[in-house]
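Peer 1: Attaching a single structure in structure tokens format; questions to follow.
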Amino acid sequence: MLTENTTHGTGRCVERIGLDGLALKPTETAIEALESVPVETLTIDYEGTESLPSAEVLARLGADADVRVTTPVRADGFDPLGDDSLATALPGEVGRVLVAGHPAYLSADERRRAVAPRLGSALETDPDAWVGSESIERIAMATGAGQFDLLTATTEREVRALRAAGFDGDVAVYAPTVLSDDEDVLLDAVGDYVSRRPAVANALPTDAPTDATATGQARETLLAGIDDFALAGTVETVSERIDRLRSIGVTTVVGYPARGLDTLLES
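For the record, in the sequence shown the residue sitting at position 198 is 198 according to UniProt numbering, with numbers rising by one throughout.
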């Protein structure tokens, strides 16, 4: 967890690999301790209303960066067809990433709410919001809003297709980021994340470990998944992949520091 103030001058790894943005989780990073961020864009994941940073903290960070809060449109407080008190309390400097919402952070009642009409209503109020496409890809695309996609093996093909079809809005891509080529480090950092992607989960042996203790087929499957779903490797390797994503039409590459924010703020 970050416990000290962070300024633009410390973000050398971020600058060297060329990330446009960082995705931070309030339960892992002391958002309130950040004085500023060494990137143009900061997205803050939703992990329940109790961990939402204060309006004062968000406004301060939004003064010199494009700060976007992930807001599940089915959740009380962010529901444009119901209780939207938290959404309306967000500072004017702060944007949104509209998502269906991770079931773990939603009540049974919230999970039953329809997504599509809520996205449409939210975009009427905030037309500059991005729409997170996980699990609702077709609905997200149908909105015509800026897209916030997870990096996958098919990202490059899909972005090329979007651009060829005439989509000229924002396409932001999110990926766990690990600056290491040590297999054990990679598995410990993002093995569990990639194991939850359907393509990887379906190929993994039953009850296989997903960290550095993985061996044989499980290890090979996880490492292949890391190549597809994460920005991982040396500074040069990650930088080249980011450049390739931009070349095919991605407008913003957002990295989640899977080994902690400090690892991307080192020189």
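Beta carbons: idealized from backbone N, C-alpha and C, even for Gly.
(1) The alpha helix (DSSP H) spanning residue 201 covers which residue range?
(2) Can you give, in chain order, each stretch of the beta strand (DSSP E) that sits fully within the stretch 37–91 and has at least 3 residues?
(3) Which same chain residues end up closer than 8 Å to residue 175 when comparing Cβ atoms and leaving out the 5 residues on each side of it in sequence?
(4) Taking DSSP as the reference, what is the three-state secondary structure of residue 177?
(5) Does the beta-carbon distance from residue 101 to residue 72 come in below 7 Å?
(6) Straight-line CA distance for residue 35 to residue 26?
(7) So that I know if they touch, is there some Cβ in chain D lying closer than 7 Å to that of residue 65?
(8) State the CB to CB distance for the pair residue 50 and residue 21, rounded to an integer number of angstroms; the pair is presumed to be in contact (CB under 8 Å).
(9) Name the two residues that bound the continuous alpha helix (DSSP H) containing residue 125.
(10) Please determine, among 170, 199, 238 and 132, the residue with the shortest C-alpha to C-alpha distance to residue 224.
(11) Which value, in whole angstroms, describes the spacing of the CA atoms of residue 172 and residue 104?
(12) How should residue 271 be labelled, buried or exposed, when 16 other C-beta atoms within 10 angstroms of its C-beta is the threshold for buried?
(13) Straight-line CA distance for residue 87 to residue 68?
(14) To the nearest angstrom, how far is the alpha carbon of residue 157 from that of residue 30?
(15) Should residue 133 be labelled buried (16 or more other beta-carbon atoms within 10 Å of its own) or exposed?
Peer 2: Looking at the atomic coordinates:
(1) Residue 201 sits at position 201 when you count from the first residue of the sequence shown. Its alpha helix (DSSP H) spans residues 198–201.
(2) 41–44 and 66–72
(3) Within the sequence shown, residue 175 is the residue found at index 175, counting from 1. Cβ contact annotation for residue 175 (same chain, cutoff 8 Å, sequence separation greater than five): 150, 151, 229, 230, 231, 253, 254, 255 and 256, in chain order.
(4) The count along the sequence shown starts at 1 and reaches residue 177 at position 177. It is a strand residue.
(5) Counting from one through the sequence shown, the residue named residue 101 turns up at place 101. Counting from one through the sequence shown, the residue named residue 72 turns up at place 72. Cβ distance < 7 Å, so residue 101 and residue 72 count as in contact.
(6) By 1-based counting over the sequence shown, the position of residue 35 is 35. By 1-based counting over the sequence shown, the position of residue 26 is 26. Taking the straight line from one Cα to the other gives about 15 Å.
(7) Here there is only one protein chain, and chain D is not present.
(8) Locating residue 50 in the sequence shown gives position 50, counting from the first residue. Locating residue 21 in the sequence shown gives position 21, counting from the first residue. That pair is no contact at about 25 Å.
(9) Numbered from its first residue, the sequence shown carries residue 125 at position 125. Start and end: 116–125.
(10) Your numbering for residue 224 matches position 224 in the sequence shown. Answer by Cα proximity: 199.
(11) Translated into the one-based positions of the sequence shown, residue 172 becomes position 172. Translated into the one-based positions of the sequence shown, residue 104 becomes position 104. Rounded to whole angstroms, residue 172 to residue 104 spans 24 Å at the Cα level.
(12) The structure shown does not extend to residue 271, since the chain is modelled only from 1 to 267, so the question has no answer here.
(13) Residue mapping note: residue 87 aligns to position 87 of the sequence shown, counting from 1. Residue mapping note: residue 68 aligns to position 68 of the sequence shown, counting from 1. Cα-Cα distance, rounded: 12 Å.
(14) On the sequence shown, residue 157 is found 157 positions in, with the first residue counted as 1. On the sequence shown, residue 30 is found 30 positions in, with the first residue counted as 1. Spanning the alpha carbons of residue 157 and residue 30 requires a straight line of approximately 36 Å.
(15) Walking along the sequence shown from the start, residue 133 turns up at place 133. Buried: at least 16 other Cβ atoms inside 10 Å.
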